[in-house]
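For the sequence shown, the positions run 18 to 215 when my numbering is used. Built from N, CA and C at the ideal position, the CB exists for glycine as well. All figures in this text were calculated on a predicted structure; none of them were measured in a lab. Written below as structure tokens is the structure these notes are about.
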Amino acid sequence: GTFIAGVVRCVAPQTKIYVEGFAIGGVGGGGILESDLVVQLEEALRHDPQVINLSAGCRTRHDLPSIAFRKFHHKHLEDRDCVLVAAAGNDSWAAPFWPAAFRWAVGVGSLDRDGRVSSYSNYGVSADVYALGRNLVNAFPDGTFECHETPDKGDVRVFSTGLARWSGTSFSAPVVAGLIAREISETGVSARDARDAV
């Protein structure tokens, strides 16, 4: 959350940011039921956001649309000026990754610094757009961290400078969320118009 909020802040310095932590105590590096994730998204709506960055998601059985995310959209986002930006996932596949694969979400894949799609990035219906997601540097608490997900699974990292370097669609998504937020703050347009402009 610290790193992702820092990415948004760098892209959209005038934006007010709230961090809603949801994977605390999760399984295997932050696993959580999609229904529990939706509860956290509902709690985030208390801040009346115009942009929500979700650096998380999941596959589903038979790749069917997630019922929990579909209900969340219908109940909370359909009639609200709020855009959900979601990571496309880091599994190098085209199968749907929810909620990024929904038409109403902005699914974000990862680019390397040379402009090519990152080898780990999902693509297809889950990636509407791509943004830099390889080797971003931003704020991170000091301590030891073991990576549990691709592209860095198994790496053990020790942080002592207040900064970290990360790769993944979880970090390209806040670049896009920040661009949308900056468009809103600079032009005063609606969240959906800002999304379309970005």
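Query                                                                                                      : Result
G106, buried or exposed, once every other Cβ within 10 Å from all chains shown has been counted against 16 : buried
Residues near A22 by beta carbon distance below 7 Å, same chain, minus five either side                    : I34 and V36
Distance, W121 Cα to R209 Cα                                                                               : 10 Å
Spatial distance of G130 from D108 (CA atoms)                                                              : In the sequence as presented, Gly is not what sits at residue 130; that position holds Arg. Roughly 19 Å between the two C-alpha positions.
Beta-ladder partner(s) of G205, from DSSP                                                                  : Answer is none; G205 lacks a bridge partner.
Three-state secondary structure assigned by DSSP to S72                                                    : coil
Three-state secondary structure assigned by DSSP to R81                                                    : The residue you asked about is not Arg; residue 81 is Leu in the sequence shown. Correct three-state label for L81: coil.
DSSP-derived helix/strand/coil call for G195                                                               : helix
Where the alpha helix (DSSP H) containing S52 begins and where it ends                                     : E51 to A61
Per DSSP, cross-strand counterpart(s) of F162                                                              : R174
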